[in-house]
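> All residue numbers for the sequence shown refer to the UniProt record's numbering, where the first residue is 1 and numbers rise by one. Just so it is clear, CB atoms sit at the ideal spot from N, CA and C, and this is done for glycine as well. Here's a structure for you.
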Amino acid sequence: MDVGNFGFVVAGLIVGFIVGMTGVGGGSLMTPILLWFGINPATAVGTDLLYAAITKAGGVAVHGKNKNIDWTITGWLTLGSVPAVLLTLWFLKSLHTDPSAMNQVIKQALGVVLLLTALAILFKKKLLAFAQRHAGDHYHMSPRNLNGLTVFTGAILGAMVALTSIGAGALGTVALFILYPFLTTKRLVGTEIAHAVPLTLVAGLGHASMGNMDWQLLGFLLMGSLPGIYVGSHMSGRVSDELLRPCLAVMLGLIGFKLAF
Numbered sequence: 001m002d003v004g005n006f007g008f009v010v011a012g013l014i015v016g017f018i019v020g021m022t023g024v025g026g027g028s029l030m031t032p033i034l035l036w037f038g039i040n041p042a043t044a045v046g047t048d049l050l051y052a053a054i055t056k057a058g059g060v061a062v063h064g065k066n067k068n069i070d071w072t073i074t075g076w077l078t079l080g081s082v083p084a085v086l087l088t089l090w091f092l093k094s095l096h097t098d099p100s101a102m103n104q105v106i107k108q109a110l111g112v113v114l115l116l117t118a119l120a121i122l123f124k125k126k127l128l129a130f131a132q133r134h135a136g137d138h139y140h141m142s143p144r145n146l147n148g149l150t151v152f153t154g155a156i157l158g159a160m161v162a163l164t165s166i167g168a169g170a171l172g173t174v175a176l177f178i179l180y181p182f183l184t185t186k187r188l189v190g191t192e193i194a195h196a197v198p199l200t201l202v203a204g205l206g207h208a209s210m211g212n213m214d215w216q217l218l219g220f221l222l223m224g225s226l227p228g229i230y231v232g233s234h235m236s237g238r239v240s241d242e243l244l245r246p247c248l249a250v251m252l253g254l255i256g257f258k259l260a261f
């Protein structure tokens with residue numbers, strides 16, 4: 001294994017460890033790291049999407065066994081996200097004759113979504129507290145409107161994920177909590193992960209069909225991330241969340257600002 005490939009294994013290990021310890025979506029960390037390694041934006045996004053689908057599939061098995069997934073909510077989200085992914089991939093394919101234009105669109109979108117993710121991480125507790133505080137208010141959304149809004153949320157997440165590989169984690173969790181404030185945290189996390197797998201799988205295979213995939217790179221990332229997630233999960237709670245989240249938010253915000261502007 002040469003030095004470059006060893007670097008990808010180490011990157012996978014570090015990202016896996018952070019994801020296991022904090023629950024922050026791997027895409028928001030992995031895609032910028034791949035850009036730093038010199039991987040072109042389209043390949044970085046495509047490879048990271050399948051990386052996310054594989055790593056999160058194990059999470060679905062565990063959460064499903066523990067009955068931590070609301071499959072009805074997952075279905076409504078998927079109804080919006082998968083068509084949005086296909087439309088976004090069609091848009092990217094129309095730019096495929098001009099790789100520089102496609103990469104520029106992806107970089108700009110990546111920067112904006114990273115900034116939004118940084119804000120979601122930074123203000124997550126306040127947003128969740130606000131949602132819970134107003135969950136018992138007199139205003140109640142009808143089931144039909146709630147389902148429609150869930151489909152719309154899925155569509156927004158689908159477009160963001162297909163463009164940047166980011167959004168299903170931090171932004172998806174906050175959106176779900178605002179829509180379903182009475183959903184327990186473990187079911188919220190399980191539902192978000194269950195939705196993320198078909199979302200990232202469809203988007204990843206779509207990018208692979210356009211040649212935006214490096215299978216060898218994917219193997220090296222998984223080689224590091226799988227043990228990293230295992231160790232990080234066992235370290236969860238040992239480092240203060242109040243310290244970790246602001247640091248991650250600032251780091252992602254700076255990277256997002258640099259890419260967007």
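Within the continuous alpha helix (DSSP H) that includes residue 65, where are the two ends?
Residue numbering aside, residue 65 sits at position 65 when the sequence shown is read from its first letter. Unbroken alpha helix (DSSP H) run through residue 65: 41-65.
> Would you kindly work out how many angstroms separate the C-alpha atoms of residue 204 and residue 53, rounded to a whole number?
Counting from one through the sequence shown, the residue named residue 204 turns up at place 204. Counting from one through the sequence shown, the residue named residue 53 turns up at place 53. Near 8 angstroms, if we compare the C-alpha coordinates of residue 53 and residue 204.
> For residue 196, which residues of its own chain have a beta-carbon under 6 angstroms away from its beta-carbon, when the five flanking residues on both sides are left out?
Within the sequence shown, the letter at position 196 stands for residue 196. Within the same chain, residue 196 has close Cβ partners 56, 168.
> If you follow the alpha helix (DSSP H) that residue 168 is part of, which residue opens it and which one closes it?
Counting from 1 along the sequence shown, the entry for residue 168 is found at position 168. Careful: residue 168 lies outside any alpha helix (DSSP H) and carries neither H nor E.
> Less than 8 angstroms between C-beta atoms, sequence neighbours within five positions excluded: which residues of the same chain meet that for residue 149?
Counting from 1 along the sequence shown, the entry for residue 149 is found at position 149. 141, 179, listed in sequence order.
> Once DSSP output is grouped into helix, strand and coil, what is the label at residue 38?
To locate residue 38, count along the sequence shown from 1; it is residue 38. It is coil, neither helix nor strand.
> Nearest chain D C-beta to residue 63 closer than 7 angstroms, yes or no?
The structure shown has no chain D; it contains just one protein chain.
> Which whole-angstrom value describes the C-beta separation of residue 176 and residue 191, a residue pair presumed to lie in contact below a C-beta threshold of 8 angstroms?
On the sequence shown, position 176 is the one that residue 176 refers to. On the sequence shown, position 191 is the one that residue 191 refers to. The pair is a contact, with the Cβ atoms about 7 angstroms apart (cut-off 8 angstroms).
> What do you get for residue 11, buried or exposed, if any count of 16 or more other CB atoms within 10 angstroms of its CB means buried?
For the purposes of this step, residue 11 is identified with residue 11 of the sequence shown, where counting begins at 1. So residue 11 ends up on the buried side.
> CA-CA distance, residue 59 and residue 225?
Residue mapping note: residue 59 aligns to position 59 of the sequence shown, counting from 1. Residue mapping note: residue 225 aligns to position 225 of the sequence shown, counting from 1. Each residue's alpha carbon lies about 14 angstroms from the other.
> Taking the alpha helix (DSSP H) that residue 81 belongs to, which residues open and close that run?
In the sequence shown, residue 81 corresponds to position 81, counting from 1. It spans 71-94 - the alpha helix (DSSP H) in which residue 81 sits, taken as one unbroken run.
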